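This report concerns only the one structure given below.
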Amino acid sequence: MPKAKYPPIFDGHNDTILEILRGRNFFEKSDKGHIDLPRAQKGGLGGGFFAVFVPSPRPMAGWPGLNSNPDGSYHIPLPDPLEHRYARDFATKALRKLFALETDSKGAVKIVRTADELAQCLDDGTFAMILHFEGVEAIDTNLDSLHVFYQAGLRSVGITWSRPNAFGYGVPFAFPLGPDTGPGLTDAGKALVKECNQLGIMIDLSHLNEKGFWDVAELSNAPLVATHSNAHALAATPRNLTDKQLDAVKESGGIVGINYHIGFLRKDGRSDQETSYAEIVRHAAYIADRIGIDHVGLGSDFDGATMPQ
Numbered sequence: 000m001p002k003a004k005y006p007p008i009f010d011g012h013n014d015t016i017l018e019i020l021r022g023r024n025f026f027e028k029s030d031k032g033h034i035d036l037p038r039a040q041k042g043g044l045g046g047g048f049f050a051v052f053v054p055s056p057r058p059m060a061g062w063p064g065l066n067s068n069p070d071g072s073y074h075i076p077l078p079d080p081l082e083h084r085y086a087r088d089f090a091t092k093a094l095r096k097l098f099a100l101e102t103d104s105k106g107a108v109k110i111v112r113t114a115d116e117l118a119q120c121l122d123d124g125t126f127a128m129i130l131h132f133e134g135v136e137a138i139d140t141n142l143d144s145l146h147v148f149y150q151a152g153l154r155s156v157g158i159t160w161s162r163p164n165a166f167g168y169g170v171p172f173a174f175p176l177g178p179d180t181g182p183g184l185t186d187a188g189k190a191l192v193k194e195c196n197q198l199g200i201m202i203d204l205s206h207l208n209e210k211g212f213w214d215v216a217e218l219s220n221a222p223l224v225a226t227h228s229n230a231h232a233l234a235a236t237p238r239n240l241t242d243k244q245l246d247a248v249k250e251s252g253g254i255v256g257i258n259y260h261i262g263f264l265r266k267d268g269r270s271d272q273e274t275s276y277a278e279i280v281r282h283a284a285y286i287a288d289r290i291g292i293d294h295v296g297l298g299s300d301f302d303g304a305t306m307p308q
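Here it is, written out as structure tokens:
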């Protein structure tokens with residue numbers, strides 16, 4: 000692969016695996032969604048965290064803001080917890096699909112497992128994928144399968160999506176609302192944090208409620224990372240981080256990836272696609288001013304959210 004003219008972009012979060020499972024050909028340019036290899040190469044995207052997200056069997060009542068009240072407020076109830084076996088089987092199918100994609104790419108795509116592998120891919124133009132679980136329902140509470148998934152390439156976990164599980168509690172999709180929406184981590188969740196630290200699996204705080212956030216901050220010996228969250232001070236959804244949470248990320252040497260979803264960017268919380276890209280800059284600038292530019296990244300939520308037009 001030819002080297003890029005400019006330093007490659009590395010994205011903190013996308014849901015492209017789900018679209019690949021639904022039939023998107025990753026090697027052909029599509030007019031749907033956001034990420035495929037031709038568009039990534041054209042746009043200078045060198046890789047990213049690719050989320051294995053297990054959809055709820057029953058659809059949610061509505062996407063954030065689409066069914067909002069006249070004042071822009073909305074509150075979508077949390078989906079029911081997933082059954083472990085269902086989640087495990089779905090995640091296994093997703094991983095098998097991704098391994099086949101890597102093989103079929105003939106060296107154009109690599110699932111990276113170490114920092115050295117990532118650096119090499121970004122240097123030589125190989126598209127780099129880091130495996131991420133968005134919600135850990137596929138992992139059993141005794142954590143045996145965590146080690147199996149680690150050997151398969153898992154290097155990042157978000158303890159929850161926006162639903163409860165055996166390890167913790169996610170925030171609802173709502174506006175306006177703060178992230179203090181329920182209990183903290185369960186005993187299994189606390190054990191998961193410690194085991195991830197030992198293995199070197201990154202813990203993603205996006206979607207986790209505030210008490211869970213502080214549990215991770217207390218237990219973890221790694222930098223705090225929220226791969227796809229914005230500033231709550233600018234858009235009052237529980238999916239965004241308060242100033243106090245942002246400060247904790249800085250103190251740990253961590254990073255916040257700016258999420259491009261319009262409902263997490265706009266101060267009125269509305270899912271209006273006639274939203275300026277300046278809203279992304281507004282959140283990036285706020286967080287950079289608050290905690291420093293070295294703690295700001297990009298976590299697009301491509302293929303999983305509604306982007307500004």
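Numbering (numbering that gives the first Met the number 0), first residue to last: 0 to 308.
Even for Gly, the Cβ is constructed at its ideal location relative to N, Cα and C.
Just so we're clear, the structure is a prediction, and the values are computed from it rather than from any experiment.
Local Cβ density within 10 Å of residue i, reported as buried at 16 or more and exposed below that
| i | result |
| --- | --- |
| aspartate 282 | According to the sequence provided, residue 282 is histidine. The question's aspartate does not apply to it. So histidine 282 ends up on the buried side. |
| isoleucine 19 | buried |
| methionine 0 | Model confidence at methionine 0 stands at a pLDDT of 49, short of 50, so the residue's coordinates are unreliable; what they give is reported in the following sentence. When all chains shown are included, methionine 0 counts as exposed. |
| glycine 167 | buried |
| isoleucine 292 | exposed |
| glycine 106 | exposed |
| valine 309 | The shown model of the chain, from 0 to 308, leaves out residue 309, and the question about it has no answer. |
| glycine 43 | exposed |
| aspartate 300 | buried |
| glycine 252 | exposed |
| glycine 303 | buried |
| proline 182 | exposed |
| aspartate 103 | exposed |
| valine 53 | buried |
| alanine 235 | buried |
Residue i, DSSP secondary structure in three states
| i | result |
| --- | --- |
| arginine 314 | Outside the shown range of the chain (0 to 308) lies residue 314, about which nothing can therefore be said. |
| leucine 207 | strand |
| histidine 227 | coil |
| valine 53 | coil |
| leucine 145 | helix |
| alanine 234 | coil |
| asparagine 196 | helix |
| histidine 12 | strand |
| tyrosine 259 | coil |
| leucine 297 | strand |
| methionine 0 | Because the pLDDT at methionine 0 is just 49, under 50, the model does not fix this residue reliably, and the value given afterwards should be weighed accordingly. Methionine 0 falls in the coil class under three-state DSSP. |
| glycine 181 | coil |
| isoleucine 202 | strand |
| isoleucine 19 | helix |
| leucine 240 | strand |
| isoleucine 254 | strand |
| alanine 287 | helix |
| phenylalanine 98 | helix |
| proline 6 | coil |
Bridge partner(s) assigned by DSSP for residue i
| i | result |
| --- | --- |
| glutamate 133 | Gly157 |
| valine 215 | Note: valine 215 sits in no beta bridge, so no partner. |
| alanine 127 | Gly46 and Lys109 |
| tyrosine 73 | Phe174 |
| glycine 169 | Leu207 |
C-alpha distance - residue i paired with residue j, whole-angstrom precision
| i | j | result |
| --- | --- | --- |
| alanine 277 | isoleucine 261 | 11 Å |
| aspartate 35 | histidine 83 | 30 Å |
| arginine 238 | asparagine 229 | 8 Å |
| leucine 233 | serine 270 | 15 Å |
| threonine 180 | glycine 45 | 36 Å |
| valine 51 | aspartate 70 | 35 Å |
| alanine 231 | leucine 130 | First, the residue type needs correcting, since residue 231 is histidine and not alanine in the sequence shown. Those two C-alpha atoms are separated by around 27 Å. |
| histidine 294 | alanine 137 | 30 Å |
| valine 108 | valine 135 | 25 Å |
| glutamate 27 | alanine 39 | 11 Å |
| aspartate 203 | threonine 125 | 25 Å |
| aspartate 30 | arginine 21 | 15 Å |
| glycine 169 | phenylalanine 25 | 30 Å |
| threonine 159 | threonine 226 | 13 Å |
| glycine 298 | leucine 121 | 18 Å |
| aspartate 79 | phenylalanine 89 | 17 Å |
| glycine 157 | tyrosine 5 | 30 Å |
| isoleucine 8 | histidine 33 | 15 Å |
| asparagine 164 | tyrosine 285 | 32 Å |
| isoleucine 254 | valine 224 | 5 Å |
| leucine 240 | alanine 287 | 13 Å |
| leucine 245 | leucine 207 | 14 Å |
| proline 58 | glycine 268 | 22 Å |
| leucine 264 | arginine 289 | 17 Å |
| asparagine 220 | asparagine 258 | 25 Å |
| leucine 17 | lysine 92 | 11 Å |
| threonine 274 | glutamine 308 | 6 Å |
| glycine 11 | aspartate 186 | 28 Å |
| lysine 266 | leucine 153 | 35 Å |
| alanine 296 | glycine 256 | Correcting the residue type first, residue 296 is glycine in the shown sequence and not alanine. Cα-Cα distance, rounded: 4 Å. |
| proline 178 | lysine 210 | 8 Å |
| arginine 313 | phenylalanine 49 | Residue 313 lies beyond the stretch modelled for the chain, which goes from 0 to 308, so this question has no answer here. |
Residue i CB to nearest heavy atom of the ligand NAD below 7 Å
| i | result |
| --- | --- |
| glycine 298 | The ligand NAD is absent from the structure shown, which contains no ligand whatsoever. |
- Message: Three or more C-beta pairs under 8 Å: does that hold for the stretch 166-175 against the stretch 74-92?
- Response: Verdict: yes, contact present.
- Inter-stretch contact (C-beta, 8 Å, three-pair minimum) for the stretch 183-200 and the stretch 129-144: yes
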